Every structure is written in C-alpha cells, then in structure tokens.
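Be aware that the sequence shown starts at 37, since it is given in my numbering, and climbs by one per residue. What follows is a single structure, written as structure tokens, with notes after it.
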Amino acid sequence: MPRLGMGTWHMGESAAQRATEVAALREGIELGMRLIDTAEMYADGRAEEVVAEAIKGRRDDVFLVTKFYPHHASRKELVAACERSLERLGVDGIDLYLLHWRGRVPLEETVEALERLVETGKVERWGVSNFDVEDLEELVRIAGGGNVFADQVLYNPARRGIEYDLLPWCRKRGVDVMAYSPLDEGALAADRRLAGIASRLGVTASQLAIAWVLRQEGVCAIPKASRAEHVRANAKAREIRLDEATLREIDRIFPPPSRKQRLEII
Ligand code: NAP
C-alpha cells in the first residue's frame, strides 16, 4: 500500500468545485500519491464520482480505497453497496474496502460477506475503520477475521492516543494503520508552535505534520487537499526526515499518551 495518499471527504459537495477537485487528485497521482481514499458516505456518493473522473485512464496506477456504511454491512446489503460504489467509481474492483465504523450488524456476518466479495474479485482486500484494540481483538477471533488488512483511524501530532496500544497491536499483527485527518482537519496547518519548528526546517506546518505521521513503518497518511498547491506541498512531505531533537520538540508540544485513551473519532 502506498505510504502517502489523498483523502476525499467533502469533495463532490459542490458542483462548482468539481473540476478543481478532479485536477487536485490528478496532480497527486502524477506526483506519486497513488492511494485515494473515499467512501460511499462522502457527498452521498458524489466523492466517488469525483474520484472516477480523476482516475479515468489511470486505474492501474491507483490504489483505490472506499468505505461502506455500517448499515450496509449485512450479508444482504453489502454486495449491493459494493456494486453501487464500483459503478460510481467506474471500476471493476476495489483495492481495499473498509467498514467505515462499527454498527449493529454482527462482525461474523460482515466478515463472511467481505470474504465473498474477495472471492468474486470485486474486492482485493478488506479492512476496518475507527476500530479500537478491543474491536480488533474481537474481529481477529472470528473465522476469516485475521484477514483484516488495515484499520483507518484518526492520527496526527495532536491526536496521539493510538500510540499507547493500537499502533503496537497493529504492528505486531501486521495490520496497516491508515492515519486519517493527518492535519487535524486543517487545524495543524495553522498551528503556530508546529509552524515555528517547521520554519527552521524550511518546511510548512502541514508538511511537518505529514512527515511526522509517516515517520513510522506500517502507517500511511491520507491528507485531503482540494487545491493543487496543497497537493504539491503534501507530496514533498515524503522527503522530510525528522531527527530525534525535532521529534522531542514535537513531543513537548503534543505529549505522547501515558495511558490508554479511548479511540477518538471524527
Ligand atoms: P485533513 O486531511 O487533516 O485536513 C484537510 C484540510 O487541510 C483541508 O481543509 C485542506 O484544504 C487542508 N490542507 C491540505 N493540505 C494542506 C496544506 N499543504 N497546507 C494547508 N492546508 C492544507 O482532514 P480530513 O479531510 O478530515 O482527513 C483526510 C481524509 O481522511 C479524509 O478526506 C477522508 O478521506 C479520511 N477520513 C476518514 C475518516 C473515517 O472515519 N474513516 C474520518 C475523517 C477523514 P483544501 O482542501 O482547501 O486544499
């Protein structure tokens, strides 16, 4: 899975913004940010349509991630939800299909339905989102549950709770962590303390936040940027290496967790 990708939440919400959003995603693909994260929920499926336009003619260059609603996680609903996503995305298969958050459908039923989608070739691999350690523990005890490929969770310098238990758990189990809202929904771009450290390194606060997330193996980041200049800046974050002194400075502003914190969800 590519380490740096692009999010799409809020894309597709405004027809006037559509061309700009498509152009931003295309620019990102061009720059090698080859993972695109979307969801049936985003703009009621219209974000998936924006993605379809952006990847037209470049399907094989992209690692495509989409998510389904918990109320579509049943044996009966999941195939139909998947087919609607495939249709909107204009593709034959999804690289990674995620349960957006845990709902009422028993996990056994969802895993069985996901495994069937893998067998039929509609989905290459599946995972979850917003699962805390105890949810993952329960998941891997289920037949087929060990095939979970990734957990997509909130992670950025200001939201470090997962470092205490979830991140080590995923590392031990070989489950990839996808860090969503790596810029804390844009707030970190304007964080003066982070900007102070960043300017000394000759980068921006956003680039520093993304590089910080990417410093760990097994973690990928999916910043969302509708503007091409943001996409270009984010792509450069891959080149930033953070030394121990910088990491300690960031720790002083945003201390690592010293005890279990319940997984935060946006
Ligand atoms: P984010 O990526 O942390 O922040 C997005 C905001 O940051 C946008 O306003 C964007 O502006 C701005 N931005 C991006 N690059 C920038 C740069 N270089 N300099 C300054 N500002 C910059 O927030 P997010 O969209 O919440 O999270 C990212 C993705 O994670 C989502 O799009 C979605 O795909 C996924 N996600 C998943 C879940 C889940 O439950 N699984 C929850 C939340 C998010 P512009 O758009 O104007 O460029």
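Backbone N, C-alpha and C define an ideal beta-carbon position, used for all residues, glycine too. These numbers were taken from a predicted model, which means no experiment stands behind them.
Query	Result
Strictly by DSSP, which residues pair up with Glu-195?	First, the amino acid is wrong: residue 195 is Arg here, not Glu. Paired residue(s): Asn-192.
DSSP state of Leu-40, grouped into three classes?	strand
With a threshold of 6 Å on Cβ separation, who are the neighbours of Gln-150 within its own chain once the five nearest residues in sequence on each side are excluded?	It should be pointed out that residue 150 corresponds to Leu in this sequence rather than to Gln. Hits under 6 Å: Trp-162.
Rounded to whole angstroms, what's the CA-CA distance from Glu-280 to Leu-230? Just pull it up for me.	16 Å
For Val-98, name the three-state secondary structure that DSSP assigns.	coil
Kindly provide the ranges of any alpha helix (DSSP H) runs that are 4 or more residues long and lie completely inside the segment 142 to 205, ordered along the chain.	143 to 155 and 169 to 177
Quick one: what does DSSP say Asp-279 is sitting in, helix, strand or coil?	coil
Restricting to runs no shorter than 3 residues, where is the beta strand (DSSP E) found entirely within the segment 39 to 99?	71 to 73
Closer than 7 Å to a non-hydrogen atom of the ligand NAP - does that hold for the CB of Thr-44?	yes
Give a yes or no on whether the C-beta atoms belonging to His-136 and Met-47 are separated by under 8 Å.	no
Quick check: the Cα distance between Ala-225 and Val-267, rounded to an integer number of angstroms?	13 Å
Looking at C-alpha atoms only, which residue of Leu-100, Arg-140, Val-141 and Glu-148 is the closest neighbour of Leu-125?	Leu-100
Give a yes or no on whether the C-beta atoms belonging to Lys-92 and Tyr-200 are separated by under 8 Å.	no
Quick check: what's the CA-CA separation for Glu-174 versus Glu-265?	42 Å
Cutting at 6 Å between CB atoms, please list the residues of its own chain near Ala-90, excluding the five before and the five after it.	Val-58, Leu-61 and Arg-62
Using a Cβ distance threshold of 8 Å, determine whether the segment 282 to 295 contacts the segment 167 to 183, with at least three qualifying pairs required.	no
If you draw a straight line from the alpha carbon of Val-147 to that of Val-239, how long is it in whole angstroms?	43 Å
Alpha carbons only, please: which of Pro-106, Leu-67, Ser-235 and Ser-294 is nearest the one belonging to Phe-167?	Pro-106
Which residue or residues does DSSP assign as beta-bridge partners of Cys-256?	Met-214
Among Gln-243, Gln-252, Cys-256 and Ala-51, which residue has its Cα nearest to the Cα of Ala-269?	Gln-243
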